[in-house]
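In what follows, a single structure is set out as structure tokens and then discussed.
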Amino acid sequence: MKWDNVYAWEGGARVPQEGQFIRLREDKSLEVPHNPIIPYIEGDGIGPEIAPAMIHVVNTAVERAYRGSRRIHWVEVLAGDKAEEKTGNRMPEETLELLKQAIVSIKGPLGTPVGKGGKSLNAILRQSMDFYSAIRPVYWLGQPAPIPNPERVNVAVFRENSDDVY
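Each residue of the sequence shown is one higher than the one before, counting from 36 in the numbering used here.
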């Protein structure tokens with residue numbers, strides 16, 4: 036399925052003229068325009084199969100929620116296998132710069148080649164974006180549990196990635 040609001044990579048990311056990037060206000064809240072530009076990384080493995088489905092689901096949700104008054108402009112940026120194939124670099128600088136400019140983006144699964152050394156692409160993204168913590172809430176899904184009163188579980192695991200430990 037093709038959409039006219041998806042801008043595929045063609046020798047570089049094509050940023051649409053009619054869209055606007057989401058902005059971060061001084062109070063740290065997001066200013067979301069009616070026509071946001073959102074970069075996406077298709078990813079490796081099943082990424083090429085699930086990225087079009089993700090775009091379809093999000094486009095449909097936005098269409099139904101806003102009855103056509105809002106529209107996302109998707110811009111493909113490269114990382115992983117596709118980036119290496121087209122540019123010779125698994126994480127092109129152009130990708131990092133556009134992701135920083137956009138503030139909000141969506142990333143598919145990225146593989147890490149075994150035995151080639153270097154950092155994983157996920158670690159490169161976390162470091163370049165200054166993401167230093169991972170917060171994982173723990174909650175009960177309504178299934179049989181080995182503890183009494185599992186519905187009372189209220190736990191969050193915080194993992195800090197600092198310095199060069201990623």
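A virtual CB, placed ideally from N, CA and C, is assigned to each residue, including glycine.
The three-state reading of DSSP puts TYR75 in strand, counting E and B together.
For TYR75, the number of other beta carbons within 10 angstroms of its own is at least 16, and it is reported as buried. A check of alpha carbon separations from ALA191 across ILE138, ASN157, SER168 and ILE57 identifies SER168 as the nearest. Going by DSSP, HIS108 is part of the beta strand (DSSP E) stretching over 108–111.
Under DSSP, GLN55 takes part in a beta bridge, and its partners are PRO71. Less than 7 Å separates the beta-carbon of GLU77 from that of PRO83. In this structure MET164 is exposed. Its beta-carbon is surrounded by fewer than 16 other beta-carbon atoms within 10 angstroms. Judged by pairs of C-beta atoms under 8 Å, the segment 49–67 touches the segment 103–113, as three or more such pairs exist. The residue from VAL139, ILE138 and PRO148 with its alpha-carbon nearest to that of MET126 is PRO148.
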